[in-house]
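The block underneath contains the structure these notes are about, expressed in structure tokens.
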């Protein structure tokens, strides 16, 4: 792989081992489940990065498996907020430096409290955006914890 993203450069600087992946999307964001299928990965090990704002005005980052839906009530409880909502798409780039479909918990303009769904602890490695559409990185949760302070929580909508 020739091109490195800021996420990869950060992981290199921290001397953390990771597996980079690049794929063609025509510059268009595709769903996380499509990314998992394209790369032949279990969707339970591929995580999406979601940015939210709490009632207090503070921002929070949540990482959940791509096929799941963030439970806003559980997310608010984990963050110690009365309520939480997704930020508007147009706010993502100025706030984080990332575009929709290329948002990573590593290398945001400012580090926000980060919460990862507890299922990540059972995965030998998790995959998430490398900070640019068409790029992913895969690494153990312990390595991610060296790059980003995070908390494991139950964050997803329960299946009926």
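Residue numbers (our numbering): 965 to 1124. In this text, a Cβ means the ideal position worked out from N, Cα and C, and glycines have one as well. These numbers were taken from a predicted model, which means no experiment stands behind them.
In the DSSP annotation of this structure, the continuous segment of the beta strand (DSSP E) that includes residue 1012 starts and ends at 1011-1018.
In this structure, the beta-carbon distance from residue 971 to residue 1068 falls below 8 Å. Taking a contact to require three or more Cβ pairs closer than 8 Å, the region 1049-1056 and the region 979-997 do not qualify as touching. Within its own chain, the residues whose Cβ lies closer than 7 Å to the Cβ of residue 1060, once the five positions on either side in sequence are excluded, are 1015, 1067, 1072 and 1073, listed in chain order. A Cβ-Cβ contact shorter than 8 Å links residue 1032 with residue 1120. Bounds of the alpha helix (DSSP H) holding residue 1107 are 1105-1111. Taking the C-beta atoms as reference points, residue 1070 is found nearer than 8 Å to residue 974. Your pair residue 1065 and residue 986 does not check out as a contact, with CB atoms roughly 14 Å apart and the cut at 8 Å.
Annotated three-state conformation of residue 1007 is helix, per DSSP. By alpha-carbon distance to residue 988, the top candidate from 1105, 1118, 1100 and 1123 is 1100.
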